[in-house]
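A.B. asks:
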Amino acid sequence: MNAAYVFRVAFRLDPDGASADPDRFETTVEIPAVEPGEEGWLLFRDRLWRGEVGDAPSARRFLGERLGVEVVEVDFRELRTDRTYLEALETEIAADPDRFNADDVDEVLHKYLGSSIHVRE
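Just add 7 to the spot in the sequence shown (first one is 1) and you have the working numbering.
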């Protein structure tokens, strides 16, 4: 299984005893997706809504901690996944759709990821 949450982030450098010009940079960040059912697999539910970042300040802190910089802007791009991971994700969601306040797997995926799932082999 291979999957990652892809974000575009802008971050700022504020070095001690120095200056940077430019001091703002943009990059793409991939956060490996945790295997469905394992601790941390609900990143999509906890961070996203309709294919967008659900809570920008929280997402900036989340990504800033991983990058070690001050993230000033974040946009969700996609869940980049292989077919095996997507099937495992769907199976885990189907086991308890009430956890997501939804009727079925398709509703859950749309509710949190919108149309931002890209299957790649």
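Just so you know, even glycine gets a beta-carbon here, dropped at the ideal spot from N, CA and C.
1) What are the boundary residues of the beta strand (DSSP E) that includes Asp-82?
2) Once the 5 residues before and after Gly-47 are set aside, which same chain residues still bring their CB inside 8 angstroms of it?
3) Please give me, in chain order, every unbroken run of the beta strand (DSSP E) with length at least 3 that falls completely inside the segment 26 to 112.
4) Between Arg-87 and the rest of its own chain, which residues show a CB-CB distance below 7 angstroms, the 5 nearest in sequence each way excluded?
5) With the cut-off set at 9 angstroms, would you say Phe-83 and Leu-55 are in Cβ contact?
6) Answer yes or no: do Met-8 and Tyr-119 have a C-beta to C-beta separation smaller than 9 angstroms?
7) List the endpoints of the continuous beta strand (DSSP E) containing Arg-15.
8) If you check the beta carbons only, do Val-36 and Arg-73 fall under 9 angstroms apart?
9) Measuring CA to CA, which of Val-76, Glu-97 and Asp-103 is closest to Pro-22?
C.D. replies: The answer reads as follows:
1) On the sequence shown, residue 82 is found 75 positions in, with the first residue counted as 1. Run containing Asp-82: 77 to 88, per the beta strand (DSSP E) assignment.
2) In the sequence shown, the residue the question calls residue 47 occupies position 40. Excluding residues within five positions, the ones whose Cβ falls inside 8 angstroms are Val-41.
3) 31 to 39 and 77 to 88
4) Numbered from its first residue, the sequence shown carries residue 87 at position 80. Answer for Arg-87: Ala-10, Ala-11, Val-13, His-125 and Arg-127, listed in chain order.
5) The residue given as residue 83 occupies position 76 in the sequence shown. The residue given as residue 55 occupies position 48 in the sequence shown. Going by C-beta atoms, Phe-83 is nearer than 9 angstroms to Leu-55.
6) Within the sequence shown, the letter at position 1 stands for residue 8. Within the sequence shown, the letter at position 112 stands for residue 119. Cβ atoms of Met-8 and Tyr-119: not closer than 9 angstroms.
7) Position 8 of the sequence shown, counting from 1, holds the residue named residue 15. Where Arg-15 is concerned, the enclosing beta strand (DSSP E) stretches over 10 to 19.
8) In the sequence shown, counting from the first residue as 1, residue 36 sits at position 29. In the sequence shown, counting from the first residue as 1, residue 73 sits at position 66. Contact: yes.
9) On the sequence shown, position 15 is the one that residue 22 refers to. Measuring from the Cα of Pro-22, the nearest candidate turns out to be Val-76.
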